[in-house]
Amino acid sequence: MADERLRYLSSELGLRAVAVVTTESVAEGRRVHQTAPTSTAALGRIISGAALLGSTLKGQQTVTLRINGGGPAGTLIGTCNAEGHLRGYIANPGADLEPTPGRKLDVAALVGTDGYLSVSYDLGLKEPYVGTSRLVNGEVATDLAYYLATSEQIGSSVGIGVLVGKNGGVRAAGGFLLQALPSPDLDPASETERERIIDLMIKRSEGIESVSHHIADGASSEEFAQTLVGDLPLRFMGRDALEFRCTCSREKAAGILATMKPAELRELFADSDTAEVTCEFCRQAFTFTRDEIPRLDPGDENRRGEEKRR
Ligand SMILES: [Zn+2]
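Printed below as a string of structure tokens:
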């Protein structure tokens, strides 16, 4: 089943909800980065988090989530663009831990709590909009909810579940986000109903692992979303295709080389006539020969200098 994002809204109650199924994307992230089981879960959670936050993007916009909690995983990155293309990165993909006593993958310990979650919205302006919050528990979903509440001042509940099978494969990945939009003019009855739904979704975010089992059992993205929001007065607003797809290219890789200092370039080509630039998101390697890097040859600069001196 292809990955998808479903969007819901209640303008009367000032609530918006997003559900994502990201199983295929997380499986591709695991394949690309060759992650150990606990790392697969951590990477899957940040990729799914990016898919949730990406629901409001348009045009060329991109959102990037970055976490470093000081744990064995190192830095984790998840990105989503307006086309629903997802990418992920984990600094130490081989990092793994013993499961918790409840037989759950210990993502919190792998991520750590000594650090920050930063969310960067590249909206095509000169500078991206970047917000940061302290990590709460390293579980990613709770950290994201805390970030949204403190940095963006939008009360949110976030649940993300990634099920990793005994063989290390991704059995299911999905998540949801409920946000309470500013609604100053609600009557008391609507306010009560809104509070009821928010409390309900906070409880459901805690049980997301069991909900993700529906995906593993073959539920469609609608059925997954229905178990989360089907009994709530939310209108279905639309769906978006999601896919793990990198935005790197040979041109962008060449651009990275173009920003390097001559000394760095010489070091890069010290032992070989070719150099590789590897994309950190999809591990694709772009090979460049010396001839393609005209600034490389120090002889050129020296000769030019000599000519000037003459
Ligand atoms: Zn790439």
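FYI, our numbering numbers position 246 of the sequence shown as 1634, with every residue one higher than the one before it. No residue lacks a Cβ here, since even glycine has one placed at the ideal position from N, Cα and C. As the structure is a computational prediction, the values presented were derived from the model and not from experiment.
Check: So what does DSSP say about D1484, is it helix, strand or coil?
Finding: In the structure shown, D1484 adopts coil according to DSSP, grouped into three states.
Item checked: Close beta carbons around A1613, own chain, < 6 Å, minus the five adjacent residues each side -> Result list for A1613: L1394 and A1407, in chain order.
Check: Between the Cα of P1563 and the Cα atoms of T1677, Y1509, T1666 and A1429, which residue gives the shortest distance?
Finding: Note that residue 1563 corresponds to Gly in the displayed sequence, not to Pro. Taking G1563 as reference, the option from T1677, Y1509, T1666 and A1429 with the minimal CA-CA separation is A1429.
Check: So the alpha helix (DSSP H) F1624 belongs to, where does it begin and stop?
Finding: Not the alpha helix (DSSP H): F1624 falls in the beta strand (DSSP E), residues R1623 to A1629.
Notebook entry, point to check: Does DSSP put L1620 in a helix, a strand or coil?
Noted result: The answer is coil: DSSP assigns L1620 none of H, G, I, E or B.
Notebook entry, point to check: Since D1494 and T1426 are thought to touch, with beta carbons under 8 Å apart, how far apart are those beta carbons, to the nearest angstrom?
Noted result: Yes, they are in contact, since the Cβ atoms of D1494 and T1426 sit about 6 Å apart, within 8 Å.
Next item on the list: Verify whether the separation of the beta carbon atoms of R1671 and H1421 is less than 8 Å.
Entry: Yes, Cβ-Cβ distance for R1671 and H1421 is below 8 Å.
Next item on the list: Could you tell me whether the stretch 1552 to 1569 touches the stretch 1397 to 1415, where touching means 3 or more Cβ pairs closer than 8 Å?
Entry: These segments touch.
Notebook entry, point to check: Would you call the stretch 1659 to 1676 and the stretch 1482 to 1491 in contact, with 3 or more CB pairs under 8 Å?
Noted result: Here the stretch 1659 to 1676 makes no contact with the stretch 1482 to 1491; the two share fewer than three CB pairs at distances below 8 Å.
Checklist line | Local Cβ density within 10 Å of E1515, reported as buried at 16 or more and exposed below that | finding: Classification of E1515: exposed, given that the 10 Å Cβ count is below 16.
Notebook entry, point to check: Between the stretch 1551 to 1558 and the stretch 1572 to 1589, are three or more C-beta pairs nearer than 8 Å?
Noted result: By the criterion of at least three beta-carbon pairs nearer than 8 Å, the stretch 1551 to 1558 is not in contact with the stretch 1572 to 1589.
Notebook entry, point to check: Whose C-beta lies closer than 6 Å to the C-beta of A1663 among residues of the same chain, with five residues either side of it excluded?
Noted result: Hits under 6 Å: L1656, F1657 and F1676.
Next item on the list: Could you pull out every residue in the same chain whose Cβ sits closer than 7 Å to the Cβ of I1644, ignoring the five residues on either side in sequence?
Entry: Short of 7 Å from the beta carbon of I1644, and not among the five residues preceding or following it, lie these beta carbons of its own chain, in chain order: V1665.
Margin query: Please classify D1661 as buried or exposed, where buried requires at least 16 neighbouring CB atoms within 10 angstroms.
Written below: Burial call: exposed.
Next item on the list: Report buried or exposed for Y1535, applying the criterion of at least 16 other Cβ atoms within 10 angstroms of its Cβ.
Entry: That one is buried.
Check: If you count every other CB in all the chains shown that lies within 10 Å of the CB of G1547, and 16 or more means buried, which is it?
Finding: By the C-beta density criterion, G1547 is buried, having at least 16 other C-beta atoms within 10 angstroms.
Item checked: Local conformation of E1694 per DSSP, three classes -> Residue placement at E1694 is flagged as unreliable, the pLDDT there being 45, under the threshold of 50; a coordinate-derived value is accordingly withheld.
Check: In terms of DSSP beta bridges, what is Q1567 paired with?
Finding: For Q1567, which the question treats as bridged, DSSP gives the partners R1404 and S1544.
Next item on the list: Along the beta strand (DSSP E) that carries G1519, what are the first and last residues, could you check?
Entry: Its beta strand (DSSP E) spans residues Y1517 to R1522.
Checklist line | Cβ shell of R1627 (< 6 Å), same chain only, five flanking positions each side left out | finding: Here the set comprises E1392 and L1394.
Note to self: For L1616 and C1636, I'd like the C-alpha separation in whole angstroms.
What the structure shows: If I take the Cα positions, the gap works out to 35 Å.
Checklist line | Span of the alpha helix (DSSP H) around T1530 | finding: Annotation for T1530: the continuous alpha helix (DSSP H) segment containing it runs A1529 to T1538.
Checklist line | Contacting residues, own chain, Cβ-Cβ under 6 Å from T1452 (five flanking each side not counted) | finding: Shown here for T1452: same chain residues with a beta carbon closer than 6 Å to its own, the five before and five after excluded, namely T1467 and S1508 in chain order.
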